[in-house]
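The structure appears right after this line, and notes come after that.
Chains as they are written, first to last, in my numbering: chain A, 8 to 384; chain B, 265 to 577.
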């Protein structure tokens, strides 16, 4: 019997029964694969809004046995993370709200969503501050860009115990400040470097004032990253010269920017970290995602026709609840056909920053493995 | 060469016990320090020096090796080639090891299954014998690479190294003990071996921790049960310097090993038996004296039955 079934078995439900039920449990209720969302309050209609590709994006709650409680049970596989909001409709007004009964929130540049964890999901311990981990530093850098005709701000992460007498790998991150803010990238780097799981590395955190244009296979962007930013960093910091030690990283359109930059400048970057890349293509006809994707689709057509060998290795990940999963699954054999070493991971998650955060350990240890087995301090 | 007096300590960074250990042997005077395992941070030994009240003299082996390689490019090239061969041999050994270890682990899993009573033990014994034979073979293979290198390049006879050895010998003569810190175990081993530091000691005791302890053993075992990638197979790096006998040093075993996994602990202990597989978290201490080991209270060893037991005094 489910928890709701137990409650229903009591017959007529008074306010005290509901209060006791709400106090006794955490919400949403997670019972194996069945997750039950609960809303209590006056409403004409309550709907679950989520971004799971393949399911209706809006699903109606049912009033629970004539009480003010509304419920919706859906199947959520083990290990899942699902971000959502509730849509409460009353008197013709639609309000999109965070789940009042769920304190778990996932933040992103647009605000915050409620998040439910399927059975077995655990927030990785390496995303939390570790008091024993030595901390890296962030330096601010202005890079003059002829490509864009302006200077661009770049944050540079230097690992703890940085020394000019040592050479470091370089990872250039698209949407870098967002990765820091919403995917805990700085803490993750501090922890994984401290644990010797990844090499101490220099990370350039770049941003764009117009990412949907500049990240969509824009030659100016490739020029800025490969011909302006990297030489500027080489002049300031001790970087390893091998291409395998030069990486590009990004999520969504940032994934496109990473692949496109590597493809436009072969031999510069050896490692690609591509998360939920917006690698949309069509085999026939126009794309159905709007004009912002047109340059991406053109790029993907060119890339699929002439992939060359954009890098030596890639880590590719995508959430199985994303509409982009088909494109990401498709790009893996294509990358492998170029002779690249490719690791691909699917996660039961959506197109969001915490999905990308949760994959960072596997991604970084794949591309920049540390000397875990050799160092005993 | 086996040394008469060695003290092995747990990691020192957050809970240093070295000064107490030095005092416990009544050692006065200068203390030679090796921090080559810290690589380019070798000279950043201020905390260590302060902990020992400024009595340390850093032997600067990493820096000396750098100097040798800058001066003696022929030796540098030969050393790099040797290390490449060792690295490749390690890769090949690892390939074989992964399969043999997985087989042994699968046998362990079947030990408790119905229908396998009495059948698993002899198979597991054979699997462990196979692992030991593979480890031995690997050690021999790496040793032969070193022997070949020594015979061909005679490093101690080269001026670049002989000069450094004379300086080190003079420094060590004035020191009452040698302290070897952790860090990169491969780098540390190679630097100590390159200058033959242990052979210059005249009976002074050695204090060592973390990778410093590992290099003193007869066989260096690399380990981590929770790596981000792969199965976490313990592997033999190569023979150590053999300053002590019968020890597999496991610094930070509390973090790096699944000590509550009896099958894993048992397999580890049986594979490296009869060596004492000593868990060495912070604040632990083992003493090597008169050819035998004794441990401070709380210092534990991995046992063949999968349990942990006090090393004993």
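All C-beta atoms in this analysis are idealised placements derived from N, C-alpha and C, irrespective of residue type, glycine included.
| Asked | Found |
| --- | --- |
| Does any CB atom of chain A fall closer than 8 Å to the CB of residue 446 of chain B? | yes |
| If you scan the segment 285 to 332 of chain B from start to end, which runs of the alpha helix (DSSP H) of 4 or more residues do you find wholly inside it? | 310 to 315 |
| Look at residue 447 of chain B and residue 302 of chain B and say whether their C-beta atoms are less than 8 Å apart. | yes |
| Since residue 449 of chain B meets chain A, which of its residues come closer than 8 Å, beta carbon to beta carbon? | 381, 382, 383 |
| Could you please give me the residues that DSSP links to residue 532 of chain B through a beta bridge? | Beta-bridge pairing links residue 532 of chain B to no other residue. |
| Take every Cβ of the segment 359 to 368 of chain B, pair it with every Cβ of the segment 434 to 446 of chain B, and state whether three or more of those distances are shorter than 8 Å. | no |
| Going by C-alpha distance, which of B/566, B/551, B/370, B/534 is nearest residue 543 of chain B? | B/566 |
| Would you say residue 493 of chain B lies against chain A (beta-carbon separation less than 8 Å)? | yes |
| Closest to residue 345 of chain A by C-alpha separation, out of A/312, A/357, A/328, would be which residue? | A/312 |
| Using Cβ-Cβ distances below 7 Å, what residues of the segment 196 to 213 of chain A are close to chain B? | 204 |
| For chain B, check one thing: does any of its Cβ atoms lie closer than 8 Å to the Cβ of residue 366 of chain A? | no |
| With a cut-off of 8 Å, do at least 3 Cβ pairs link the segment 75 to 84 of chain A to the segment 134 to 149 of chain A? | no |
| Which class does residue 238 of chain A belong to by DSSP, given the choice of helix, strand or coil? | helix |
| Anything in the segment 472 to 494 of chain B with a Cβ closer than 8 Å to a Cβ of chain A? List those residues in chain order, please. | 474, 475, 478, 486, 487, 488, 491, 492, 493 |
| Measuring only the C-alpha atoms, how far is residue 127 of chain A from residue 118 of chain A? | 26 Å |
| Any C-beta of chain A sitting closer than 8 Å to the C-beta of residue 277 of chain B? | yes |
| Under 8 Å between C-beta atoms, does residue 516 of chain B make it to chain A? | yes |
| When you compare only the Cα positions, how much space is there between residue 290 of chain B and residue 271 of chain B? | 13 Å |
| Residue 526 of chain B and residue 503 of chain B: beta carbons closer than 8 Å? | no |
| Against chain B, with Cβ distances strictly below 8 Å, would residue 151 of chain A count as a contact? | no |
| According to DSSP, residue 515 of chain B sits in a beta bridge with which residue or residues? | B/544 |
| With a threshold of 8 Å between beta-carbons, can residue 305 of chain B be considered close to chain A, or not? | yes |
| DSSP three-state label for residue 202 of chain A, please. | coil |
| List the residues of chain B whose Cβ lies closer than 7 Å to the Cβ of residue 369 of chain A, in chain order. | 492 |
| Kindly indicate the opening and closing residues of the beta strand (DSSP E) around residue 164 of chain A. | 157 to 165 |
| Going straight from the alpha carbon of residue 325 of chain A to that of residue 281 of chain A, what length do you get? | 9 Å |
| For the beta strand (DSSP E) that contains residue 556 of chain B, what are its first and last residues? | 556 to 559 |
| Between the C-alpha atoms of residue 375 of chain A and residue 252 of chain A, what's the straight-line distance to the nearest angstrom? | 8 Å |
| Between which two residues does the beta strand (DSSP E) holding residue 46 of chain A run? | 41 to 47 |
| What is the rounded straight-line gap between the Cα of residue 289 of chain A and the Cα of residue 308 of chain A? | 8 Å |
| I'd like the list of long-range same chain contacts for residue 177 of chain A, defined as Cβ closer than 6 Å, with 5 residues on each side in sequence excluded. | 209, 246, 253 |
| Using beta carbons (cut-off 8 Å, strictly below), is residue 320 of chain A in contact with chain B? | no |
| Skipping 5 residues on each side, what residues in its chain have a beta carbon closer than 8 Å to that of residue 286 of chain A? | 262, 263, 266, 303, 307, 331, 334, 335, 337, 338 |
| With a cut-off of 8 Å, does the C-beta of residue 170 of chain A fall near any C-beta of chain B? | yes |
| Mapping the DSSP letters down to three states, classify residue 378 of chain A as helix, strand or coil. | coil |
| Give the DSSP-derived three-state secondary structure of residue 351 of chain A in the structure shown. | strand |
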